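Engineer: 37 is the number of the first residue of the first sequence in the numbering used here; add one for each residue after it.
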Amino acid sequence: MPTELPTTEAQGWDATLRTAIATHAKAATGVPFGPGDVVLSAPKQAGHGDLATNAAMMLAKRAGKAPREVAQAIVDGITEELGDRLSGAEIAGPGFINLTLSGTFLREALGIVGAAGRSWGGGGARQTERINVEFVSANPTGPMHVGHARNAAYGDALSRILEFHGHVVDREFYVNDFGSQVKNLGASILARATGAEVPEGGYQGAYVQEIADGIPGAADQSVEALSDLGVEAMLARTQGTLAGFGVRFDRFFSERSLHAGEPSALDSALEILRSNGELELEDEAWWLRTEKRGDDKDRVVVRSDGAPTYYASDLAYMRDKLDRGYDRQMLVLGADHHGYIGRMRAAFEAFGGDPDRLELLIMQLVKLVEGGVEVKMSKRSGQFVTVEDLVDEIGVDASRWFLLQRSHDTAVELDLELARKASSENPVYYVQYAHARACSVLEKVSAQALSVATALSGGDAGAVTGLAVTVEDAERALTLKLGELPEVVAQSAARRAPHRIATYALELAQVFTAFYRDCQIAGAEGDGVEAWRAALTAATRDALATTLGLLGVTAPERMERRDEDGPEAEAA
RNA sequence: GCGCCCGUAGCUCAGUGGAUAGAGCGCCUGCCUCCGGAGCAGGAAGUCGGAGGUUCGAAUCCUCCCGGGCGCGCCA
């Protein structure tokens, strides 16, 4: 069961504001309202202040009062309470309250943000859960293609985000090393080794020949032996590909292992269902009655010839994870697996699990385009774009960014030609460049300013709150953007949406670049100004590194200086 | 036929109840004696697929329709 986390105050850069709003909103309306219920958002329009809240509109109806009247009461209350931390509070439109924060407030905010260093934005989970994330699980009968790359990038980033948010995650890869497809691989290898025709339903790809060539005396071996060796070779290649893609797994779980032993794990799982009265014999086959639990139809688990189905393996694997005591199971599946949701949820319930603790996350397709023409993928013909191909074309960082920047439930189009040609102008380079620039600037600031920035990153919030500096507009915007990170991480984790991190990283890089343009950092004049800006730069550097890290994209301290002989010139 | 996902700017896509709907790319106009110009500022460009409904307020929630993608085996 989930365990309570100690409550931390570190995340609350806006806690005083939330508390004040909640207190006075409750006083004005009598409706129960806490700091966590306050919605603070960044107004889209300039002139609407730093933050806006719709608290008055949310509560007015329930209190039977006019929204603007409630808003006025809140404004009066917080203006009094917050004093010089607030430099403006105005009521607008139907009852919005637009707030402008003072320099004092912003310096305190940066103190809280910056002192957290690389942990800023993390640890916000209310309860820690032990989560098993199963992803990729590509069949060991062929190379990983672009769809697997999206699955890998997503599952890995999701795992990182959940961990950063405060959960404990096990990453798992289910190896389908059992059944007819494995025999087909063996038969295909034998055919290639002997120069015979690849059998019906076999694998045609050039990689089969490569495997055959890598097995001494392959032509004289049995299909069974070649199946084992083929799976071994493909799994090794897949693991190498994943490592190269920056994806780590805690466990590769063998389907075959579920069939080993007496009784096997599969036997045991089916026995549990049988004794629970969940299995029924009909037409000499054993059925799991999933339809009564919302599935389209009932499912066969043991065929009339006595052989278990693939679904039976899934059940045994699910049972194994249940026995390992996870609070939650997540499965990242391809678009063609959405039909599994019903049967998997039904099975989870049949085992006595709470269906809310099983999540099937369906990845939509990656449509590969080359110069405006779709690149077809087909395992049968053996023509597909592998993960290795993709990485060769645009690199790991750009691959991961492109695959992660969109929601997992929307089909994305990836134009190889465009990605290749635009590689020097990708958003990912823009974000990485901002990080490198922050690092570079910090090498140029005075020793005194650097010591303030370093003290802040090291946890000393007071290093910056005491600086008597005026906060410029660009500094204000950057501080507020940094303040958003915990909420972004929380939303990204809650919605299983890594792309929100990518969107935020790009925004943060843009706001930082604007700050860099408007505010001279190194050698800035004025008492404490250089130190203040160095501290802001260091906090931004940390936040950029954090967000890139969550996506599995590197955050280089310096990048190749682009010049006339750069990638663009070469590509031409 | 049934089920799941999607439909937002020229293109690729953010935005799941708030104010005048955004970003990247592409296009147009400016800006390099300056901490890294892989940049910056400004501009053109949208009936948020359509029609109803709920709401003080809808791209967002509900219903129906249209269009696209993917599934629907005692295969794996």
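Note that CB positions come from ideal geometry on N, CA and C, so glycine has one too. The structure displayed is predicted, hence computed values, not measured ones.
Let me know if ARG287 comes out buried or exposed under the rule of 16 or more other beta-carbons within 10 Å of its beta-carbon.
Structural biologist: Position 251 of the first sequence, counted from the first residue, corresponds to residue 287. When all chains shown are included, ARG287 counts as exposed.
Engineer: Taking MET366 as part of the beta strand (DSSP E), name the residues at either end of that continuous run.
Structural biologist: Indexing the first sequence from 1 puts residue 366 at position 330. Note, MET366: beta strand (DSSP E), 364-369.
Engineer: Skipping 5 residues on each side, what residues in its chain have a beta carbon closer than 6 Å to that of ALA88?
Structural biologist: Translated into the one-based positions of the first sequence, residue 88 becomes position 52. For ALA88, where only same-chain residues beyond five positions count, the Cβ hits under 6 Å are SER77, PRO79, PHE132, ASN134.
Engineer: Who are the near neighbours of VAL411 in its chain, counting only those whose CB is closer than 8 Å to its CB and skipping five residues on each side?
Structural biologist: Reading the first sequence from its first residue, position 375 is the one you call residue 411. Same-chain partners within the cutoff: LEU404, VAL405, VAL421, LEU452.
Engineer: Do VAL74 and ALA91 have their C-beta atoms within less than 7 Å of each other?
Structural biologist: Locating residue 74 in the first sequence gives position 38, where the first residue counts as 1. Locating residue 91 in the first sequence gives position 55, where the first residue counts as 1. Contact: yes.
Engineer: Can you tell me whether VAL507 is helix, strand or coil according to DSSP?
Structural biologist: Translated into positions along the first sequence, residue 507 becomes position 471. In this structure, VAL507 counts as coil in the three-state DSSP scheme.
Engineer: Pop quiz: PRO534 and SER528 are said to be a contact at Cβ under 8 Å. What is the actual Cβ separation, rounded to whole angstroms?
Structural biologist: Looking up residue 534 in the first sequence gives position 498. Looking up residue 528 in the first sequence gives position 492. With 8 Å as the limit, PRO534 and SER528 qualify as a contact, their Cβ atoms being about 6 Å apart.
Engineer: Taking Cβ to Cβ, would you say GLU165 is nearer than 7 Å to ARG339?
Structural biologist: Position 129 of the first sequence, counted from the first residue, corresponds to residue 165. Position 303 of the first sequence, counted from the first residue, corresponds to residue 339. Contact: no.
Engineer: Output the residue ranges of the beta strand (DSSP E) runs that lie fully inside the segment 109-152 and measure 3 residues or longer, sorted by chain position.
Structural biologist: Whole beta strand (DSSP E) segments, 3+ residues: 122-128, 132-137.
Engineer: Can you tell me where the alpha helix (DSSP H) with TRP437 in it begins and where it stops?
Structural biologist: In the first sequence, the residue the question calls residue 437 occupies position 401. Taken as a continuous stretch (DSSP letters only), the alpha helix (DSSP H) holding TRP437 covers 423-440.
Engineer: Please go through the same chain and pick out, in chain order, the residues whose beta-carbon is closer than 6 Å to the beta-carbon of ARG329, but skip the five residues on each side of it.
Structural biologist: As a first step, residue 329 is located in the first sequence; it is residue number 293 there, counting from the start. ALA382, GLU385, listed in sequence order.
Engineer: Which term fits ARG416, buried or exposed, when burial requires 16 or more other beta carbons within 10 angstroms of its beta carbon?
Structural biologist: Within the first sequence, residue 416 is the residue found at index 380, counting from 1. Annotation note: pLDDT 44 at ARG416 (below 50); position unreliable, no value reported.
Engineer: Counting along the chain, where does the alpha helix (DSSP H) carrying ALA447 start and finish?
Structural biologist: Position 411 of the first sequence holds residue 447. Counting along the chain, ALA447 falls outside any alpha helix (DSSP H), and DSSP gives it neither H nor E.
Engineer: Please confirm whether VAL500 and LEU492 have their CB atoms less than 7 Å apart.
Structural biologist: In the first sequence, residue 500 corresponds to position 464, counting from 1. In the first sequence, residue 492 corresponds to position 456, counting from 1. Yes; because the gap between Cβ atoms is below 7 Å, this pair is in contact.
Engineer: Indicate the three-state DSSP secondary structure (helix, strand or coil) for GLY183 in the structure shown.
Structural biologist: Position 147 of the first sequence, counted from the first residue, corresponds to residue 183. Three-state result, GLY183: helix.
Engineer: Please report the straight-line C-alpha distance between ARG196 and GLY231, rounded to a whole angstrom.
Structural biologist: Counting from 1 along the first sequence, the entry for residue 196 is found at position 160. Counting from 1 along the first sequence, the entry for residue 231 is found at position 195. Near 46 Å, if we compare the C-alpha coordinates of GLY231 and ARG196.
Engineer: Taking only the alpha-carbon atoms, compute the straight-line gap between GLY83 and ALA510 and give it to the nearest angstrom.
Structural biologist: Position 47 of the first sequence holds residue 83. Position 474 of the first sequence holds residue 510. For GLY83 and ALA510, the distance between alpha carbons rounds to 14 Å.
Engineer: Beta strand (DSSP E) containing ILE398: first to last residue?
Structural biologist: Taking the first sequence and counting its residues from 1, one reaches residue 398 at position 362. 394-398 is the extent of the beta strand (DSSP E) around ILE398.
Engineer: So, for PHE489: in the same chain, excluding its five sequence neighbours on each side, which residues have a beta-carbon less than 6 Å away from its beta-carbon?
Structural biologist: Locating residue 489 in the first sequence gives position 453, counting from the first residue. A quick correction: the sequence has Ala, not Phe, at residue 489. If we look at ALA489 and ignore the five residues flanking it on each side, its Cβ neighbours are ALA570, ALA571, ALA574.
Engineer: Throw me the rounded Cβ distance for the THR52 and ASP86 pair, which I believe falls under 8 Å.
Structural biologist: For this step, residue 52 is matched to residue 16 along the first sequence. For this step, residue 86 is matched to residue 50 along the first sequence. In fact, because the Cβ distance is near 14 Å, the residues do not count as touching under 8 Å.
Engineer: ASN312: buried (16+ other C-beta within 10 angstroms of its C-beta) or exposed?
Structural biologist: Taking the first residue of the first sequence as position 1, residue 312 is located at position 276. ASN312 should be labelled exposed.
Engineer: Kindly indicate which three-state DSSP category THR89 falls into: helix, strand or coil?
Structural biologist: Position 53 of the first sequence, counted from the first residue, corresponds to residue 89. Residue state, collapsed to three classes: strand.
Engineer: Skipping 5 residues on each side, what residues in its chain have a beta carbon closer than 6 Å to that of PHE322?
Structural biologist: Counting from one through the first sequence, the residue named residue 322 turns up at place 286. The sequence given here has Trp at residue 322, not Phe. Contacts found: LEU315, VAL337, VAL338.
Engineer: Decide if ALA125 is buried, meaning its Cβ has at least 16 other Cβ atoms within 10 Å, or exposed.
Structural biologist: The count along the first sequence starts at 1 and reaches residue 125 at position 89. Label assigned to ALA125: buried.
Engineer: In whole angstroms, give me the CA-to-CA distance for ALA538 and ILE114.
Structural biologist: Taking the first residue of the first sequence as position 1, residue 538 is located at position 502. Taking the first residue of the first sequence as position 1, residue 114 is located at position 78. Taking the straight line from one Cα to the other gives about 35 Å.
Engineer: Here's the rule I'm using: 16 or more other beta-carbon atoms within 10 Å means buried, otherwise exposed. How should LEU194 be labelled?
Structural biologist: For the purposes of this step, residue 194 is taken as residue 158 along the first sequence, with counting starting at 1. It is buried - the Cβ of LEU194 has at least 16 other Cβ atoms within 10 Å.
Engineer: Within 10 angstroms of the Cβ of LYS517, are there 16 or more other Cβ atoms? Answer buried if so, exposed if not.
Structural biologist: Here the question's residue 517 lines up with position 481 in the first sequence. So LYS517 counts as buried.
Engineer: Taking 8 Å as the threshold, find out whether the segment 213-223 comes into contact with the segment 435-442 through three or more Cβ pairs.
Structural biologist: The segment 213-223 vs the segment 435-442: no contact.
Engineer: Excluding the five sequence neighbours on either side, which residues of its own chain have a C-beta within less than 8 Å of the C-beta of ALA188, listed in chain order?
Structural biologist: Here the question's residue 188 lines up with position 152 in the first sequence. Same-chain partners within the cutoff: PHE171, VAL172, MET180, LEU278, PHE281, VAL283, VAL423.
Engineer: Hey, how far is the Cα of TYR210 from the Cα of ARG473?
Structural biologist: In the first sequence, the residue the question calls residue 210 occupies position 174. In the first sequence, the residue the question calls residue 473 occupies position 437. So the two alpha carbons sit approximately 42 Å from each other.
Engineer: In this structure, what does DSSP give as the bridge partners for ALA321?
Structural biologist: Here residue 321 is taken as the residue at index 285 of the first sequence, counted from 1. DSSP output for ALA321 lists GLU318 as bridge partner(s).
Engineer: For the beta strand (DSSP E) containing SER290, name the first residue and the last one.
Structural biologist: Reading the first sequence from its first residue, position 254 is the one you call residue 290. Where SER290 is concerned, the enclosing beta strand (DSSP E) stretches over 287-290.
Engineer: Between which two residues does the beta strand (DSSP E) holding PHE548 run?
Structural biologist: As a first step, residue 548 must be located in the first sequence, where it is residue number 512. Segment 535-554 is the alpha helix (DSSP H) holding PHE548; no beta strand (DSSP E) there.
Engineer: If you follow the alpha helix (DSSP H) that ARG207 is part of, which residue opens it and which one closes it?
Structural biologist: Reading the first sequence from its first residue, position 171 is the one you call residue 207. Element bounds for ARG207: not the alpha helix (DSSP H) but the beta strand (DSSP E), 204-211.
Engineer: Hey, could you find the ends of the alpha helix (DSSP H) VAL244 is sitting in?
Structural biologist: Indexing the first sequence from 1 puts residue 244 at position 208. First-last of the alpha helix (DSSP H) with VAL244: 242-249.
Engineer: For GLY157, which of GLN245, PHE69, VAL409, VAL525 has the nearest alpha-carbon?
Structural biologist: Against the first sequence, residue 157 aligns to sequence position 121. Measuring from the Cα of GLY157, the nearest candidate turns out to be VAL525.
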